[in-house]
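Chemist: In this note's numbering, the protein residues as written are 38 to 110. I'd like to ask some things about the structure below.
Structure, rendered in structure tokens:
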């Protein structure tokens, strides 16, 4: 124990921080999941034109589908 710092406690705090970071990354949703949630709600409201709008959203947002939302907000 140098200067009153317990290496076991420091390691434990580091492990807790890594676990929290891993958990947060797992809980973040992707842009694709967000789009599909939006489309489900949109389809309930606009029952006629939702398929055409869904195709447009899918085409424009396709490059972003695998991105995590937290990186952009």
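Don't be surprised by glycine CBs; every beta carbon is placed ideally from N, CA and C.
#1: If we count Cβ pairs, one from each stretch, closer than 8 angstroms, do we get three or more for the segment 66–78 versus the segment 93–103?
#2: Could you pull the DSSP bridge partners for residue 67 from this structure?
#3: Please report how far the alpha carbon of residue 43 lies from the alpha carbon of residue 56, in whole angstroms.
#4: In terms of residues, what are the limits of the alpha helix (DSSP H) holding residue 42?
Modeler: If we stick to the structure as given:
#1: yes
#2: 105
#3: 20 angstroms
#4: Careful: residue 42 lies outside any alpha helix (DSSP H) and carries neither H nor E.
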